[in-house]
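The listed protein sequences correspond, in order, to chains A and B.
Using our numbering, read the first sequence as starting at 1 and increasing by one per residue.
Using our numbering, read the second sequence as starting at 1001 and increasing by one per residue.
2 protein chains.
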Amino acid sequence: MTKFQVTILGCGSAMPTTLHNPPSQLVDMNEKLFMIDCGEGTQLQMRKFKTRMSKLHSLFISHLHGDHTFGLPGLLSTLSMLGRTGDLNIYAHKEIDFLLNPLLTYLGNHMSFNINIFPLNPDRQEVLLENRSIKVTSFPLRHRIPSNGFLFEEKETPRHINREMIDFYHVPVKQIPDIKKGADFLTPDGSLILNRHLTYPGNPARRYAYCSDTAYAPEIVQYIEKVDLLYHEATFAESEIARAKETYHSTARQAAEIAREAGVKKLVIGHYSSRYSEIGTLLKEAVAVFPDTELAVEGKILSL
Amino acid sequence: MTKFQVTILGCGSAMPTTLHNPPSQLVDMNEKLFMIDCGEGTQLQMRKFKTRMSKLHSLFISHLHGDHTFGLPGLLSTLSMLGRTGDLNIYAHKEIDFLLNPLLTYLGNHMSFNINIFPLNPDRQEVLLENRSIKVTSFPLRHRIPSNGFLFEEKETPRHINREMIDFYHVPVKQIPDIKKGADFLTPDGSLILNRHLTYPGNPARRYAYCSDTAYAPEIVQYIEKVDLLYHEATFAESEIARAKETYHSTARQAAEIAREAGVKKLVIGHYSSRYSEIGTLLKEAVAVFPDTELAVEGKILSL
């Protein structure tokens, strides 16, 4: 199976602490790096965890609060100093122009590459990026300002040929592509060999969903059903549920309820409020509802 | 003596590394914190080194390159989240408006305090801030874009009374203020008691100068003569002197020559190019010219 992993660069929230950096993650799909959110210090975290800047394919910014965006100027100018030449696509709400334009005008003449901004649709699900092996979709979350979640999914690969059986039945080479797609084989003497005897299943199409920042929003379940891994914000413990509601954030228990409703395989929580120096309570509250939960930590790599 | 110390928050240069953070320093003069430059991650460094954000008095930005400014949005919005109410003065080249306005407009309604921008004069020395105990001056450096150095100086305190001698000569209380200022005392029987027998020297007026970023520029010596501590950039080793000239930076030896010419007490060098994973060469080259040199390191506190 090809690589599909998520590296946590930061899993704190608005107020940075010595324990957690502002939000950012890298999704590595077969050696292409997709960044989600870019809080202050993200480029330093990339260096710390030895991720390769040259592999950065595109950026996905969930919403325009500072803790998710203040690392952009530094990252973009470093990429330019490193001599990047390929275009960089940034998927973000359209108001990002307003934040980036002064920087880009200021650095403009010295930028070594082009930046393309693709505006996110804050109201409905949309495909952002699709090629023959992967697809990235955005969908609306529920926050104080427009905020979107992201779904990274592989496409199903064709079935793998069982070479021994293909030889045994003398399947002609020209029929192999159809058999990879699932066709059965009719032998010259009229026997039908079922596809499952000639092939192994293709690689499973793994899926990763990112939901932050968001209030408890059951309507997002439809977009993330049965994903292999769900990252859902868990800013507060249950004792702060009123504060969570007021600020359009989620509690750890609410994150776990979304994971349970969506029938996901595994949940990872993050975006911890700076008030928690100890996050064991958040884990405990989530696990009570959805046992296969773990805590995000800077530097943690989650493989799908 | 009151506290007068410099904390190095970052002493790298344009390209952040795992060894050094982008430039920023705190000058603590009697519990007032003055920040010089604010590279990405500066607020995280303040937390790491347990410096108190509530004591931040004003900001001095030497020039507008990203490695000296990209930490501003995060710092300013954190100060606001912490509920700062006092105005914050920022001394910087006037184009900083262009970089900060989008942020301030964006966060505007939520900012808890006012920011006042005081434009630096890139062409001549100017007093930026003066009260009865301290004075801060800016002066031109030589860089690719306008860049200013800063001089932080205490004012001389009045001489200290030698209580025993004052009693011995029965000096009347009403004459004490004049004697603190240096006056001699005429006894009732006509003897002149020299001031130096009645007082001790006041506290020395300590001075700290910051010169970064700058090419080798002997014309700055006039502004920093005999300071107690000079921070001078030393981006390159002597082997890269051509590159230093081309990019308007200094070598470690050039920094030391400025220190020697200015007759400073002590030199600290920093702003190391990311090419040096080992900075012993820079120290060696500087010490050969000016022995009392030390290397800046994140977290180091230099007391004057």
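Even glycine gets a Cβ: it sits at the ideal position worked out from N, Cα and C.
| Item | Value |
| --- | --- |
| With a CB to CB cut of under 7 angstroms and the five nearest residues on each side skipped, what residues in its chain are close to Met1001/B? | Asn1203 |
| Any idea if His20/A is buried or exposed, counting beta-carbon neighbours within 10 angstroms, 16 or more meaning buried? | buried |
| Counting only Cβ-Cβ distances shorter than 7 angstroms, please list the residues of the stretch 1002-1025 of chain B near chain A, keeping chain order. | Ala1014, Met1015, Pro1016, Thr1017 and Thr1018 |
| Tell me the DSSP secondary structure of Gly305/A in three-state form. | Any property of residue 305/A remains undetermined from this structure, which presents chain A solely from 1 to 304. |
| Where DSSP assigns a beta bridge to Leu1151/B, which residues make up the other side? | Thr1137/B and Ala1209/B |
| Are Leu9/A and Met46/A touching if we call contact CB-CB under 8 angstroms? | yes |
| How would you list, in chain order, the residues of chain B whose beta-carbon sits under 8 angstroms from the beta-carbon of Met81/A? | Ala1014 and Met1015 |
| Measure the C-alpha to C-alpha separation of Glu238/A and Ile115/A and round it to an integer number of angstroms. | 41 angstroms |
| Would you kindly report the start and end of the unbroken alpha helix (DSSP H) that includes Gln1222/B? | Val1221 to Ile1224 |
| Would you mind working out which of Lys1135/B, Arg1206/B and Pro1140/B sits nearest Phe1004/B, comparing C-alpha positions? | Arg1206/B |
| Mind pulling the chain B residues with CB within less than 7 angstroms of Pro102/A? | Phe1098, Leu1099 and Pro1102 |
| Cα separation between Glu958/B and Lys94/A? | Nothing can be reported for residue 958/B: it is not among the residues displayed for chain B, which extend from 1001 to 1304. |
| Would you kindly work out how many angstroms separate the C-alpha atoms of Lys181/A and Phe34/A, rounded to a whole number? | 29 angstroms |
| DSSP has Glu1130/B in a bridge; who is on the other side? | Lys1135/B |
| Taking 8 angstroms as the CB-CB limit, is Glu40/A close to chain B? | yes |
| Quick one: what does DSSP say Lys300/A is sitting in, helix, strand or coil? | coil |
| What residue ranges within the stretch 1005-1071 of chain B form continuous alpha helix (DSSP H) runs of no fewer than 4 residues, ordered along the chain? | 1042-1048 |
| If you draw a straight line from the alpha carbon of Lys1284/B to that of Val1268/B, how long is it in whole angstroms? | 13 angstroms |
| Roughly how many angstroms lie between the CA atoms of Met375/A and Pro1022/B, to the nearest whole one? | Missing from the structure shown is residue 375/A; chain A here goes from 1 to 304 and no further. |
| Between which two residues does the beta strand (DSSP E) containing Leu230/A stretch? | Leu229 to Glu233 |
| Taking Cβ-Cβ distances shorter than 9 angstroms, what residues in chain B pair up with Lys347/A? | The question about residue 347/A has no answer here: the residues shown for chain A are numbered 1 through 304. |
| Could you check if Phe236/A is buried or exposed, using at least 16 other CB atoms within 10 Å of its CB as the buried criterion? | buried |
| Answer yes or no: do Met1029/B and Ile1134/B have a C-beta to C-beta separation smaller than 8 angstroms? | yes |
| Counting only the same chain and skipping the five closest in sequence on each side, list residues whose C-beta sits under 6 angstroms from that of Val1173/B. | none |
| Quick one: residues in its chain with C-beta nearer than 7 angstroms to the C-beta of His160/A, no 5 flanking neighbours on either side, listed in chain order? | Thr199, Tyr200 and Gly202 |
| Can you give me the Cβ contacts of Arg142/A inside the same chain, cut-off strictly under 6 angstroms, excluding the 5 residues immediately before and after it? | Thr214, Ala215 and Ala217 |
| Does DSSP classify Val268/A as helix, strand or coil? | strand |
| Across the stretch 1294-1304 of chain B and the stretch 1260-1279 of chain B, are there enough close Cβ pairs to call them in contact, namely three or more that are closer than 8 angstroms? | yes |
| For Gly1039/B, count neighbouring C-beta atoms within 10 Å of its own C-beta (all shown protein chains included) and say buried if the count is 16 or more, exposed if not. | buried |
| Just to confirm before moving on: does the CB-CB distance between Ser58/A and Leu88/A stay below 8 angstroms? | yes |
| Do Leu1064/B and Ile1096/B have their C-beta atoms within less than 8 angstroms of each other? | yes |
| Just the C-alpha distance for Lys32/A and Gly1083/B, rounded to the nearest angstrom, thanks. | 41 angstroms |
| Is it buried or exposed, Asp1067/B, if we count other Cβ atoms within 10 angstroms and call 16 or more buried? | buried |
| Measuring CA to CA, which of Thr1017/B, Ala1288/B, Ile1036/B and Glu1164/B is closest to Ala1209/B? | Ile1036/B |
| Please report the straight-line C-alpha distance between Val289/A and Gln125/A, rounded to a whole angstrom. | 27 angstroms |
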